Every structure is written in structure tokens, then in C-alpha cells.
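Before any comments, here is the structure.
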Amino acid sequence: MNIPDCVQEEFIDVAASPASERPLICVSPRWMSEDEFSESQSVAEVHLNAILAAGGLPVMMPLTDDSNLIARFVDMCDGFCLPGGQDVDPRNWGEEPRDPKRLAPVRDALEFELVRQVLAKDKPLFAICRGLQLLNVVLGGTLAQDLHELKPAENHTFWTHSANLYHPVHTVKVQKDTLLYKALGEVEDVQVNSYHDEALKKVSPQLRVVAHTSDGIIEGAEVIGKTFAVGVQWHPEYGWLYSKADCRLWKSFVAASKAARISRQ
1144 MNIPDCVQEE
1154 FIDVAASPAS
1164 ERPLICVSPR
1174 WMSEDEFSES
1184 QSVAEVHLNA
1194 ILAAGGLPVM
1204 MPLTDDSNLI
1214 ARFVDMCDGF
1224 CLPGGQDVDP
1234 RNWGEEPRDP
1244 KRLAPVRDAL
1254 EFELVRQVLA
1264 KDKPLFAICR
1274 GLQLLNVVLG
1284 GTLAQDLHEL
1294 KPAENHTFWT
1304 HSANLYHPVH
1314 TVKVQKDTLL
1324 YKALGEVEDV
1334 QVNSYHDEAL
1344 KKVSPQLRVV
1354 AHTSDGIIEG
1364 AEVIGKTFAV
1374 GVQWHPEYGW
1384 LYSKADCRLW
1394 KSFVAASKAA
1404 RISRQ
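Below, the structure written as C-alpha cells:
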């Protein structure tokens, strides 16, 4: 794994972390139903490398709806990452899907139960794009299946929200004195990439919205009362390759996971 020169200094303090001291980070997989030979599940290399660079030890969670098996992973692992991917099934909040082919029911089955168990144990949770959206739905919120269902903030038009993973495309305003603000290195204005066409609509009362774009789209939220349960709408698994703020975000998540591990010993 090569860490880009532009962000290497962000990882100096964790680069030599012994494997035995690294927290175990559980990552839920993407599900693909159109493989030539079999359904498949996988985790993108950028996710694995981000966790490794930040001092963690990633492991993929297999797709299952067995609550006992999920509980075993929740007990075993120190932190949990929900990556982006297919749409969350809108029937969970009483709407019909615009395109059933965009859904991943087996992944929904895993992640709904996984989120409930992780939050019940107050273990660190980092939710990305679909992950943030699913977190909101699990806690009783809803989504806009097309973000243009939402009205842009007054005197604004919508930014491009589906453009580029490897370059920043707009600015996110982060609220001070929040977990996300501290995790990013106390940055109020962060330049982020973007790749989504859904967005949070009705926000769960258990979530605190902590980041927006100027057009009003919710870009970050935290679960109230939890040690580290943070979700972002952008893609820091790509952003860490060029953004120091995203590097710090990954390090903060892994550090919270390590602290959770130590507290249990």
C-alpha cells in the first residue's frame, strides 16, 4: 500500500502500529447479484487501505441476517464501517422504489441489524454515503430518492452531487463543537468529493445534523449520546488520498475504535 506524498505526514504517528495493537474494524460488504457464476460480496480496496493507513486492521463482515452471527462480530470487532453502495429500500419508510434493480435487500438485512446492535453496545460507527442514509432510516428517518425532491436553500441552486470521487467538487460547512468537527481536525469548511443522488429528508430525532452544503443538502450527522457514531454523505475512502481533513477523519474513527478496545480489556 502506497500513501500519497501529499498526505504522508498525517499518518506518521500511526504508520508503524504493530498488528497486535491495531483495532479490528468490521466493514460491511457490497453485494453484487449479476456475477457470471455466483452472487458476490466485496469491500473496495480504497476502504481497506484507508483503515490500514489510519492504524486499523480491516475485516469484511459476511452478508447474513443471522442475529447471533452478527452479535458475534459486534462482540469481536472494535469499530464498524458502513460503506456506500446501492439504495436503501424505500419500503422501509412507506414508499415504493423508483428502480428495484438499485436495491440490495440482503445488505439491508445485515446492516439494519448490525447498526442496531452496534449502537446498543455504543461501539464506534462510521457511516459513509449509503451508510449515513441507512443510519437515518434505521433510526426512523426517511430519504429523498432523488435529491431534487428537496428544495435548495434560499438564493442557491443545487451543487453537483454526483461528479467525481478523486477530486473535491464542493464545500461542506461543519458545525463547531461536534464529533465530526473534532474528527476533521477542527475544520469548519471542508472541500469534499461527491457521488450520490439520494439524500436525507426527514431526519431521525436520534440524529444531530452537523454538516451541510450551501444548497442545504445534509452532509454529516451524529447519533445523539453515542461516543462515536458519525455519518458523512461524501466519500472519505477516496478523499483520504488527497485530503488531509479526510485523513484525520479516518484516524479519528480508528482512534475511537482503539480506545473502545482498550476500555474493554
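So the sequence shown is numbered by the working numbering: it starts at 1144 and just counts up by one.
The beta-carbon is built from N, C-alpha and C at its ideal position, and this holds for glycine as well.
Computed from a predicted model, the values in this text were never measured in an experiment.
Bridge partners - residue i, DSSP secondary structure assignment
i, result
"residue 1314", "1334"
"residue 1174", "1184"
"residue 1203", "1170"
"residue 1230", "1246"
"residue 1222", "1168"
"residue 1271", "1375"
"residue 1351", "1365"
Residue environment, residue i, which counts as buried when at least 16 other CB atoms sit within 10 Å
i, result
"residue 1237", "exposed"
"residue 1320", "exposed"
"residue 1307", "exposed"
"residue 1367", "exposed"
"residue 1381", "buried"
"residue 1234", "exposed"
"residue 1376", "buried"
"residue 1188", "exposed"
"residue 1272", "buried"
"residue 1149", "exposed"
"residue 1365", "buried"
CA-to-CA distance, residue j to residue i, given in whole angstroms
i, j, result
"residue 1196", "residue 1220", "18 Å"
"residue 1407", "residue 1358", "42 Å"
"residue 1153", "residue 1345", "36 Å"
"residue 1292", "residue 1171", "29 Å"
"residue 1266", "residue 1202", "16 Å"
"residue 1338", "residue 1388", "18 Å"
"residue 1322", "residue 1186", "26 Å"
"residue 1242", "residue 1261", "30 Å"
"residue 1190", "residue 1378", "10 Å"
"residue 1349", "residue 1282", "7 Å"
Neighbourhood of residue i by C-beta, 6 Å cutoff - its chain only, sequence neighbours within 5 removed
i, result
"residue 1245", "1229 and 1230"
"residue 1249", "1174 and 1206"
"residue 1384", "1147"
"residue 1176", "1182"
"residue 1270", "1225, 1278 and 1374"
Supposed contact pair residue j and residue i - C-beta distance, whole angstroms, cut 8 Å
i, j, result
"residue 1253", "residue 1208", "6 Å"
"residue 1394", "residue 1354", "At roughly 18 Å, the Cβ-Cβ gap does not stay under 8 Å, so residue 1394 and residue 1354 are not in contact."
"residue 1397", "residue 1168", "7 Å"
"residue 1198", "residue 1163", "Actually they are not in contact, since the Cβ atoms of residue 1198 and residue 1163 sit about 12 Å apart, beyond 8 Å."
Close-in-space but distant-in-sequence residues of the same chain around residue i (CB under 7 Å, 5 per side omitted)
i, result
"residue 1232", "1240, 1246, 1248 and 1251"
"residue 1280", "1231, 1235, 1236 and 1286"
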